[in-house]
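To keep things clear, I will list the structure first and then write my remarks on it.
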Amino acid sequence: MGRSPCCEKAHMNKGAWTKEEDQLLVDYIRKHGEGCWRSLPRAAGLQRCGKSCRLRWMNYLRPDLKRGNFTEEEDELIIKLHSLLGNKWSLIAGRLPGRTDNEIKNYWNTHIKRKLLSRGIDPNTHRLINESAVVSPSSLQNDVVETLNLDFAGKVKPEPVREEIGGINNCTSSGTTSEKDYGNEEDWVLNLELSVGPSYRYESTRKVSVVDSAESTRRWGSELFGTQSDAVCLCCRIGLFHNESCRNCRGSDVRTH
DNA sequence: AATAGGATCAACCGCGAATGT
DNA sequence: CACATTCGCGGTTGATCCTAT
Numbered sequence: 001m002g003r004s005p006c007c008e009k010a011h012m013n014k015g016a017w018t019k020e021e022d023q024l025l026v027d028y029i030r031k032h033g034e035g036c037w038r039s040l041p042r043a044a045g046l047q048r049c050g051k052s053c054r055l056r057w058m059n060y061l062r063p064d065l066k067r068g069n070f071t072e073e074e075d076e077l078i079i080k081l082h083s084l085l086g087n088k089w090s091l092i093a094g095r096l097p098g099r100t101d102n103e104i105k106n107y108w109n110t111h112i113k114r115k116l117l118s119r120g121i122d123p124n125t126h127r128l129i130n131e132s133a134v135v136s137p138s139s140l141q142n143d144v145v146e147t148l149n150l151d152f153a154g155k156v157k158p159e160p161v162r163e164e165i166g167g168i169n170n171c172t173s174s175g176t177t178s179e180k181d182y183g184n185e186e187d188w189v190l191n192l193e194l195s196v197g198p199s200y201r202y203e204s205t206r207k208v209s210v211v212d213s214a215e216s217t218r219r220w221g222s223e224l225f226g227t228q229s230d231a232v233c234l235c236c237r238i239g240l241f242h243n244e245s246c247r248n249c250r251g252s253d254v255r256t257h
């Protein structure tokens, strides 16, 4: 038996959203918060499937979205992140405040690919087209990892933490760094699942009550839509306060980071 | 002015992961 | 543990806009 559709296809609107539909969705989410996408359309009076509502909200209606052209810095960051993460657009978007995965994906396909090709770089491999191995993967990874504060598994990349970008992780520690601190980089194995935290502005509201959702939405304004320094530790987000394996939690006051 | 072709981007689709029962 | 449900992601499509001829 096939998978049941996410919604009853009949009597559902498709295609471009109207202003009225947008307003209904925004009003509903402002009042009740995100989540429960399946039941949201009916509750909001929309003839759309939940998936469509979620997409419209995430990619277009969310109040924290940054509009306008990508900056040169964003371009370079996307290129670096893509060289490390590949087509993990949601992870990349998590490092670019105000940008959505869809937006970055489109931008990559329409602009950055061409930009790299014009530089003679293969956008898939991030290597020069006419040379077999120009960019050392390890050095590239190291560069990006140091910039973004990603960790390694197997041998977890140790302290200290370098400068952050985009409020990736506010688990900072002060102090200077020397390369020997990191051990042998050939021992490192990327562990993106463990190391790459959620978007600093994103919080799952899945399966929360209406009250909790509303509270979550309220908190967006100050906490999740805040400045880049407002990043929140993943451990705290998932309720693992005082997690010894997290450098955020070690030696810091709970609920303050 | 008409139109063909390219560029852009919002939206859809299918799938796998996560979660619930 | 098995199955169902829901969510989120990445690939793809198609409508619209822009530009060159």
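Each residue of the first sequence is one higher than the one before, counting from 1 in full-length UniProt numbering. Note that beta-carbon positions come from the ideal geometry of N, C-alpha and C, so glycine has one too. Computed from a predicted structure; not experimentally measured.
*Compare the beta carbon distance of residue 66 and residue 97 with 8 Å and say whether it is the shorter of the two.*
Here residue 66 is taken as the residue at index 66 of the first sequence, counted from 1. Here residue 97 is taken as the residue at index 97 of the first sequence, counted from 1. Contact flag set, yes.
Exercise for the section: Give the DSSP-derived three-state secondary structure of residue 121 in the structure shown. Expected result: Locating residue 121 in the first sequence gives position 121, where the first residue counts as 1. In the structure shown, residue 121 sits in a strand (DSSP, three-state: E or B).
**Request:** Classify residue 33 as buried or exposed, calling it buried when 16 or more other Cβ atoms lie within 10 Å of its own Cβ.
**Result:** On the first sequence, position 33 is the one that residue 33 refers to. So residue 33 counts as buried.
Considering only C-alpha positions, which residue in the set 111, 15, 118 and 29 is nearest to residue 57?
-> For the purposes of this step, residue 57 is identified with residue 57 of the first sequence, where counting begins at 1. When each option's Cα is compared against that of residue 57, the closest is 29.
**Prompt:** What is the DSSP secondary structure of residue 128, reduced to helix, strand or coil?
**Reply:** The residue you call residue 128 lines up with position 128 of the first sequence. The answer is strand: DSSP assigns residue 128 an E or B state.
| query | With DSSP run on the structure shown, which of helix, strand or coil describes residue 41? | reply | As a working note, residue 41 is residue 41 in the first sequence. Note: residue 41 maps to helix in three-state DSSP.
* In terms of alpha-carbon separation, which member of 127, 107, 12 and 26 lies closest to residue 60? -> Indexing the first sequence from 1 puts residue 60 at position 60. Selected option, being the one with the closest Cα: 26.
- Item | Where residue 71 falls: helix, strand or coil (DSSP) | Counting from one through the first sequence, the residue named residue 71 turns up at place 71. Looking at residue 71 - three-state DSSP - the assignment turns out to be coil, as it is neither helix nor strand.
Requested in this report: Figure out for me which residue from 35, 36, 53 and 88 has the closest Cα to the Cα of residue 16.
Outcome: For the purposes of this step, residue 16 is taken as the residue at position 16 of the first sequence. Of 35, 36, 53 and 88, the residue nearest in Cα terms is 53.
Margin query: Count Cβ pairs between the stretch 116 to 124 and the stretch 69 to 78 that sit closer than 8 Å; are there 3 or more?
Written below: no
>> Counting C-beta neighbours from all protein chains within 10 Å, is the total for residue 21 16 or more, i.e. buried, or is it exposed?
In response: On the first sequence, residue 21 is found 21 positions in, with the first residue counted as 1. Its Cβ being crowded by 16 or more others within 10 Å, residue 21 is buried.
Which residues in the same chain as residue 122 place their Cβ atom closer than 8 Å to its Cβ, once the five residues preceding and following it in sequence are excluded? Residue mapping note: residue 122 aligns to position 122 of the first sequence, counting from 1. Closer than 8 Å at the Cβ level, and outside the excluded window around residue 122, lie 116, 128 and 129.
Three-state secondary structure assigned by DSSP to residue 65: Numbered from 1 along the first sequence, position 65 holds the residue referred to as residue 65. Coil, per DSSP.
Terminal residues of the alpha helix (DSSP H) in which residue 32 lies: Taking the first residue of the first sequence as position 1, residue 32 is located at position 32. Start and end: 19 to 32.
Can you check whether the CB of residue 46 is closer than 8 Å to the CB of residue 24? Looking up residue 24 in the first sequence gives position 24. Looking up residue 46 in the first sequence gives position 46. Result yes, Cβ atoms of residue 24 and residue 46 sit closer than 8 Å.
Residue 80 classed as buried or exposed, judged by whether at least 16 other C-beta atoms fall within 10 angstroms | Start at 1 with the first residue of the first sequence, and residue 80 comes out as number 80. When all chains shown are included, residue 80 counts as buried.
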